[in-house]
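A.B. asks: Those letters in the sequence shown? Residues 64 to 282, by the working numbering.
This is the structure I have questions about; it appears just below.
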Amino acid sequence: MINWNQIDSVFLDMDGTLLDLNFDNQFWKKRLPQRYAERHGLDFESALEVLRPRFKELEGQLEWYCLDYWSEQLAVDVPALKRELAELIEVLPYVVDFLSAVKAQKKRLVLVTNAHPKSFELKMEKTKLRHWFDQIVIAHELGLPKENPQFWERLNTMEPFQPERALMVDDSLSVLRSARHAGIHTLAISLHDTQQPARIITEFPAIRDFREIMPDLTN
């Protein structure tokens, strides 16, 4: 599926690719609506009816990922609320083995995430994955989300790469479309939430977990 001899730069998403998306799904679909309901005197279903269209409206935009934005808009301390749920932050199976194998092949490992810096720091604190990466790129620092085609141009000024020798692994199909448009090799993660069934993905090459593309350490 991946010819590692033709890849120099490995770009990896964080949530749903390296980390179990169960944490984020539990937070955005349950914990935050519950706290919003308590704060505003609503029942849970009424809170969902208020929040869903607001979330939907900003999908694919940097504000969607911004904890400070939602804290202000919803009158809820979103970073503090995330910490209350931090025990659910987990590394997906075989991720560490994959990172180790890629490093052994002397590939450049780059974490590329839309996550807000406060969310990123919480997850790195919990998972201890930071040391694996040659570079960490947070979309907020570039001013564009990965879904925006211009993101990759800005990324190339910060982390120079040849698109034809770069691989982007992500669970977001909209991000993968953007990367593909930039000429980057793409790979989807189908099992991004361990509490949900794997998705059927036909638009991109897809794997359930990193065992399927583990570099051969004998080469």
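Glycine included, every Cβ here is placed at the ideal spot set by N, Cα and C.
Taking 8 Å as the cut-off, decide whether the C-beta atoms of Asp272 and Leu155 are in contact.
C.D. replies: Counting from 1 along the sequence shown, the entry for residue 272 is found at position 209. Counting from 1 along the sequence shown, the entry for residue 155 is found at position 92. It is a contact, given that the beta carbons lie within the stated cut-off.
A.B. asks: From Glu101 to Ala245, what distance separates their C-alpha atoms?
C.D. replies: Walking along the sequence shown from the start, residue 101 turns up at place 38. Walking along the sequence shown from the start, residue 245 turns up at place 182. Cα-Cα distance, rounded: 44 Å.
A.B. asks: Which residue or residues does DSSP assign as beta-bridge partners of Ser72?
C.D. replies: The sequence position of residue 72 within the sequence shown is 9, counting from 1. Paired residue(s): Arg171 and Ala229.
A.B. asks: Run the CB neighbour count on Asn177, radius 10 Å, all protein chains shown included, and call it buried at 16 or more, exposed below.
C.D. replies: Locating residue 177 in the sequence shown gives position 114, where the first residue counts as 1. Buried: at least 16 other Cβ atoms inside 10 Å.
A.B. asks: Given Leu121, which residues of its chain have a CB within under 8 Å of its CB, disregarding the five upstream and five downstream residues?
C.D. replies: For the purposes of this step, residue 121 is taken as residue 58 along the sequence shown, with counting starting at 1. These residues qualify, in order along the chain: Trp127.
A.B. asks: In the DSSP assignment, find the unbroken beta strand (DSSP E) run with Leu250 in it and report its ends.
C.D. replies: As a first step, residue 250 is located in the sequence shown; it is residue number 187 there, counting from the start. Where Leu250 is concerned, the enclosing beta strand (DSSP E) stretches over His248 to Ile252.
A.B. asks: Can you say whether Arg98 is buried or exposed, counting buried as having 16 or more other CB atoms within 10 angstroms of its CB?
C.D. replies: Position 35 of the sequence shown, counted from the start, is the residue given in the question as residue 98. Flag for Arg98 reads buried.
A.B. asks: Give me the DSSP bridge partner(s) of Leu82.
C.D. replies: Mapped onto the sequence shown, residue 82 falls at position 19. According to DSSP, Leu82 bridges with Asp78 and Val154.
A.B. asks: State the Cα-Cα distance for the pair Arg94 and Gln69, rounded to the nearest angstrom.
C.D. replies: Residue numbering aside, residue 94 sits at position 31 when the sequence shown is read from its first letter. Residue numbering aside, residue 69 sits at position 6 when the sequence shown is read from its first letter. Their backbone Cα atoms lie some 43 Å apart in a straight line.
A.B. asks: Within a Cβ cutoff of 7 Å, which residues of the same chain sit near Glu266, ignoring the five residues on either side of it in sequence?
C.D. replies: The count along the sequence shown starts at 1 and reaches residue 266 at position 203. Answer for Glu266: Leu236, listed in chain order.
A.B. asks: What would DSSP say about Thr190, mapped onto helix, strand or coil?
C.D. replies: Here the question's residue 190 lines up with position 127 in the sequence shown. Residue state, collapsed to three classes: helix.
A.B. asks: Let me know the secondary structure DSSP gives Gln136 once reduced to three states.
C.D. replies: The residue given as residue 136 occupies position 73 in the sequence shown. Of the three classes helix, strand and coil, the one that applies to Gln136 here is helix, per DSSP.
A.B. asks: Between the alpha carbons of Thr281 and Asp71, how many angstroms are there, rounded?
C.D. replies: Numbered from 1 along the sequence shown, position 218 holds the residue referred to as residue 281. Numbered from 1 along the sequence shown, position 8 holds the residue referred to as residue 71. Low local confidence applies: a pLDDT of 42 at Thr281 is under 50, so the model's placement there is unreliable, with the coordinate-based value given in what follows. Rounded to the nearest angstrom, the two C-alpha atoms are 18 Å apart.
A.B. asks: Answer yes or no: do Pro278 and Gln198 have a C-beta to C-beta separation smaller than 8 Å?
C.D. replies: Taking the first residue of the sequence shown as position 1, residue 278 is located at position 215. Taking the first residue of the sequence shown as position 1, residue 198 is located at position 135. Not in contact: Pro278 and Gln198 (Cβ atoms no closer than 8 Å).
A.B. asks: Go ahead and pull the three-state DSSP assignment for Gln97.
C.D. replies: For the purposes of this step, residue 97 is taken as residue 34 along the sequence shown, with counting starting at 1. Three-state result, Gln97: helix.
A.B. asks: Per DSSP, Thr176 forms a beta bridge with which residues?
C.D. replies: Mapped onto the sequence shown, residue 176 falls at position 113. The partner list for Thr176 (beta bridge, DSSP) reads Ile201.
A.B. asks: Take Val232 as the anchor and find which of Met221, Ala269 and Phe196 has the nearest alpha-carbon.
C.D. replies: The residue given as residue 232 occupies position 169 in the sequence shown. For Val232, the nearest C-alpha among the options comes from Ala269.
A.B. asks: Does the beta-carbon of Thr220 have 16 or more other beta-carbons within 10 angstroms, so that it is buried, or is it exposed?
C.D. replies: Within the sequence shown, the letter at position 157 stands for residue 220. So Thr220 counts as exposed.
A.B. asks: Can at least three beta-carbon pairs, one atom from the segment 130 to 142 and one from the segment 76 to 84, be found at a separation below 8 Å?
C.D. replies: Contact between the segment 130 to 142 and the segment 76 to 84 is absent, because fewer than three Cβ pairs lie under 8 Å.
A.B. asks: Whole-angstrom Cβ separation of Gly123 and Pro208, contact assumed at under 8 Å?
C.D. replies: Translated into the one-based positions of the sequence shown, residue 123 becomes position 60. Translated into the one-based positions of the sequence shown, residue 208 becomes position 145. The pair is a contact, with the Cβ atoms about 6 Å apart (cut-off 8 Å).
A.B. asks: Run the CB neighbour count on Lys191, radius 10 Å, all protein chains shown included, and call it buried at 16 or more, exposed below.
C.D. replies: In the sequence shown, counting from the first residue as 1, residue 191 sits at position 128. Label assigned to Lys191: exposed.
A.B. asks: Suppose the cutoff is 7 Å on Cβ atoms and the five residues either side in sequence are ignored; what does the same chain contact list for Lys166 look like?
C.D. replies: For the purposes of this step, residue 166 is identified with residue 103 of the sequence shown, where counting begins at 1. Only Leu172 and Trp195 meet the Cβ criterion.
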